[in-house]
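Heads up: the structure comes next, in structure tokens.
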Amino acid sequence: MANEVKQNKHYQCPVEATLNVIGGKWKPIILWQLKTEKLRFSGLQQNMQGISPKMLTKQLRELEDAGLILRKVYPEIPPRVEYSLTEFGKTVLPVLDALCEWGSKYLERECSSGKSGELKTADFSTLQ
């Protein structure tokens, strides 16, 4: 039912469609984490403080359904599952790079205006 609604959805503009697919609190961060490497579920969860296993599973399924990530199950015991960006998923990287650049400018502006005490950010410098 949910897929039927998404398939029949009419977007008013491309920005609305983009935000529907990659928007929200966690999806951009998941995509950013997968920018440079394949990760297992536990690796993603470790890198994303505050996300519950249930929410991570939901977001990964939605990104997989949208064709942005690949879930590869290896025939091993114990089972091993890795997540990576698909070729189509890699096309969103310039968008995420632009968000990162804008976010850096925003944080710099906020810090220079004396609001730095209110901002809590993680160190994402290793992912840039």
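By the UniProt record's numbering, the letter at position 119 of the sequence shown is numbered 119, and the numbering carries on one by one without gaps.
Glycine is no exception: its CB is placed at the ideal position from the N, C-alpha and C atoms.
Segment limits, beta strand (DSSP E) that includes residue i
i	result
residue 167	The displayed coordinates of the chain run from 1 to 128. Any statement about residue 167 would go beyond what the structure contains.
L70	I69 to Y74
Bounding residues of the alpha helix (DSSP H) (the contiguous stretch that carries residue i)
i	result
T18	P14 to I22
E101	L93 to S112
G43	F41 to N47
L60	P53 to D65
I29	K27 to Q33
Distance between residue j and residue i (C-alpha atoms, nearest Å)
i	j	result
E37	S84	7 Å
T86	K58	18 Å
S52	F41	11 Å
D65	T91	16 Å
E16	H10	10 Å
Would you check if there are 3 or more beta carbon pairs closer than 8 Å linking the region 41-48 to the region 103-115? They do not touch, by the three-pair rule.
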